[in-house]
Amino acid sequence: GDSVTQMEGPVTLSEEAFLTINCTYTATGYPSLFWYVQYPGEGLQLLLKATKADDKGSNKGFEATYRKETTSFHLEKGSVQVSDSAVYFCALKSGNTPLVFGKGTRLSVIA
Amino acid sequence: DTAVSQTPKYLVTQMGNDKSIKCEQNLGHDTMYWYKQDSKKFLKIMFSYNNKELIINETVPNRFSPKSPDKAHLNLHINSLELGDSAVYFCASSQIGLAGSNEQFFGPGTRLTVL
Numbered sequence: 004g005d006s007v008t009q010m011e012g013p014v015t016l017s018e019e020a021f022l023t024i025n026c027t028y029t030a031t032g033y034p035s036l037f038w039y040v041q042y043p044g045e046g047l048q049l050l051l052k053a054t055k056a057d058d059k060g061s062n063k064g065f066e067a068t069y070r071k072e073t074t075s076f077h078l079e080k081g082s083v084q085v086s087d088s089a090v091y092f093c094a095l096k097s098g099n100t101p102l103v104f105g106k107g108t109r110l111s112v113i114a
Numbered sequence: 161d162t163a164v165s166q167t168p169k170y171l172v173t174q175m176g177n178d179k180s181i182k183c184e185q186n187l188g189h190d191t192m193y194w195y196k197q198d199s200k201k202f203l204k205i206m207f208s209y210n211n212k213e214l215i216i217n218e219t220v221p222n223r224f225s226p227k228s229p230d231k232a233h234l235n236l237h238i239n240s241l242e243l244g245d246s247a248v249y250f251c252a253s254s255q256i257g258l259a260g261s262n263e264q265f266f267g268p269g270t271r272l273t274v275l
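From first to last, the protein sequence lines are chains Z and W.
Taking the working numbering, the leading residue of the first sequence gets 4, the next gets one more, and so forth.
Taking the working numbering, the leading residue of the second sequence gets 161, the next gets one more, and so forth.
Put into structure tokens, the structure is as follows:
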């Protein structure tokens with residue numbers, strides 16, 4: 004079945020550092036890809052998405068590009084802030100099936 | 161207005177009790193879901209309803225019974241609660257379309273603690 008693998012955390016960075024969280028997927032067909040973010044004590048919020056190969060999703064300075072050849076959707080941000088501290092989930096969706104999530108990566112940004 | 165709401169936000173109860181968690185969405189979506197997030201933050205689908213009909217039922221004990229009185233509501237009833245049921249439960253909704261990403265919107269979660 005479909006699956007998502009993302010780098011295990013926790014990831015600890017200093018403010019203004021460059022962030023990469025790796026995500027690769029296995030799916031039949033052509034899934035849509037998502038990054039969700041969960042701030043402490045809150046539910047999941049959609050951060051960005053891409054629906055087809057070579058699409059780039061972006062939001063709040065975060066970016067991820069749908070790479071079909073490497074089945075990847077890595078999340079990047081050029082300069083992280085303390086407020087970016089959260090758990091980040093990579094996810095995919097094929098057709099009408101529910102989201103399949105990765106295990107989440109906890110990011111801690113220190114001032 | 162809250163798009164997907166859940167009540168209660170926190171639920172603390174004794175083993176063996178029966179409890180319910182309610183979910184409502186005001187987005188006009190036709191599909192609703194329940195996810196369970198364990199202590200390691202791993203999220204797993206439990207149920208999915210489309211137009212009040214059950215379409216996905218993952219390997220979940222039959223102590224868990226979802227009920228959808230209408231398209232806007234999907235409640236989760238849990239019988240004979242066990243320690244291992246302690247988790248955060250998230251409700252979500254989406255609109256199943258012919259094309260597109262079918263983005264899911266999540267509720268704030270219900271933290272269930274079984275003592």
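The beta carbon of each residue, even a glycine, is placed where N, CA and C say it ideally should be.
Source: prediction; values computed, not measured.
Out of the options, which has the shortest C-alpha to C-alpha gap to residue i?
i	options	result
Ala247 (chain W)	W:Tyr170, W:Gln166, W:Ser165	W:Tyr170
Asn222 (chain W)	W:Met206, W:Ser165, W:Lys212	W:Met206
Glu66 (chain Z)	Z:Lys55, Z:Ser6, Z:Leu51, Z:Thr74	Z:Leu51
Gln84 (chain Z)	Z:Ser111, Z:Tyr91, Z:Phe92	Z:Ser111
Tyr42 (chain Z)	Z:Glu11, Z:Met10, Z:Asp87	Z:Asp87
Gly176 (chain W)	W:Lys200, W:Asp245, W:Lys182	W:Asp245
Phe224 (chain W)	W:Phe266, W:Val172, W:Lys196, W:Thr173	W:Lys196
Tyr91 (chain Z)	Z:Gly4, Z:Val14, Z:Asp5, Z:Lys59	Z:Val14
Gly64 (chain Z)	Z:Ala20, Z:Glu11, Z:Ser6	Z:Ala20
Asn25 (chain Z)	Z:Cys93, Z:Asn99, Z:Ser97, Z:Ser6	Z:Cys93
What's the C-alpha gap between residue i and residue j?
i	j	result
Lys179 (chain W)	Phe250 (chain W)	15 Å
Phe202 (chain W)	Gly105 (chain Z)	8 Å
Thr73 (chain Z)	Gly107 (chain Z)	20 Å
Ser61 (chain Z)	Ser208 (chain W)	29 Å
Leu241 (chain W)	Asp57 (chain Z)	46 Å
Asp276 (chain W)	Glu218 (chain W)	Residue coverage of chain W in this structure runs from 161 to 275, which leaves residue 276 (chain W) outside it and unanswerable.
Glu213 (chain W)	Leu236 (chain W)	14 Å
Ile215 (chain W)	Pro226 (chain W)	12 Å
Pro168 (chain W)	Leu234 (chain W)	14 Å
Gly44 (chain Z)	Thr8 (chain Z)	24 Å
Ser228 (chain W)	Ser82 (chain Z)	44 Å
Thr29 (chain Z)	Leu275 (chain W)	38 Å
Arg271 (chain W)	Gln166 (chain W)	11 Å
Leu258 (chain W)	Gln174 (chain W)	Bear in mind that the predicted position of Leu258 (chain W) carries a pLDDT of just 47, short of 50, making it too unreliable to give a figure here.
Leu95 (chain Z)	Thr273 (chain W)	29 Å
Arg109 (chain Z)	Thr27 (chain Z)	17 Å
Gly32 (chain Z)	His77 (chain Z)	20 Å
Gly12 (chain Z)	Ala232 (chain W)	36 Å
Taking C-beta to C-beta, are residue i and residue j nearer than 7 Å?
i	j	result
Gln185 (chain W)	Ser254 (chain W)	no
Leu22 (chain Z)	Lys80 (chain Z)	yes
Tyr39 (chain Z)	Ala53 (chain Z)	no
Glu18 (chain Z)	Ala89 (chain Z)	no
Tyr193 (chain W)	Pro34 (chain Z)	no
Ile256 (chain W)	Asp190 (chain W)	yes
Gly267 (chain W)	Val172 (chain W)	no
Can you pull the DSSP bridge partners for residue i?
i	result
Lys96 (chain Z)	Z:Ser35
His237 (chain W)	W:Ser180, W:Ser225
Glu45 (chain Z)	For Glu45 (chain Z), which the question treats as bridged, DSSP gives no partner whatsoever.
Ala247 (chain W)	W:Leu272
Ala252 (chain W)	W:Tyr193, W:Phe266
Asp230 (chain W)	W:His233
Lys59 (chain Z)	Z:Thr68
**Report entry** Against chain Z: residues of the stretch 177-204 of chain W by CB proximity under 7 Å
**Finding:** Tyr193, Lys201, Phe202, Leu203
Report task. Residues of the stretch 232-256 of chain W with a CB closer than 7 Å to any CB of chain Z: list them in chain order, please. Result -> Phe250, Ile256
Query raised in the report: Of all the residues that make up the stretch 71-103 of chain Z, which are near chain W by a beta-carbon distance shorter than 9 Å?
Result: Within the stretch 71-103 of chain Z, the residues whose Cβ lies closer than 9 Å to some Cβ of chain W are Val90, Phe92, Ala94, Lys96, Gly98, Asn99, Thr100, Pro101, Leu102, Val103, listed in chain order.
Report task. Pull out every residue of the stretch 45-66 of chain Z whose Cβ sits closer than 9 Å to any Cβ of chain W, in chain order. Result -> Contact annotation: in the stretch 45-66 of chain Z, residues whose CB is within less than 9 Å of a CB in chain W are Glu45, Gly46, Leu47, Gln48, Leu49, Lys52, Ala53, Thr54.
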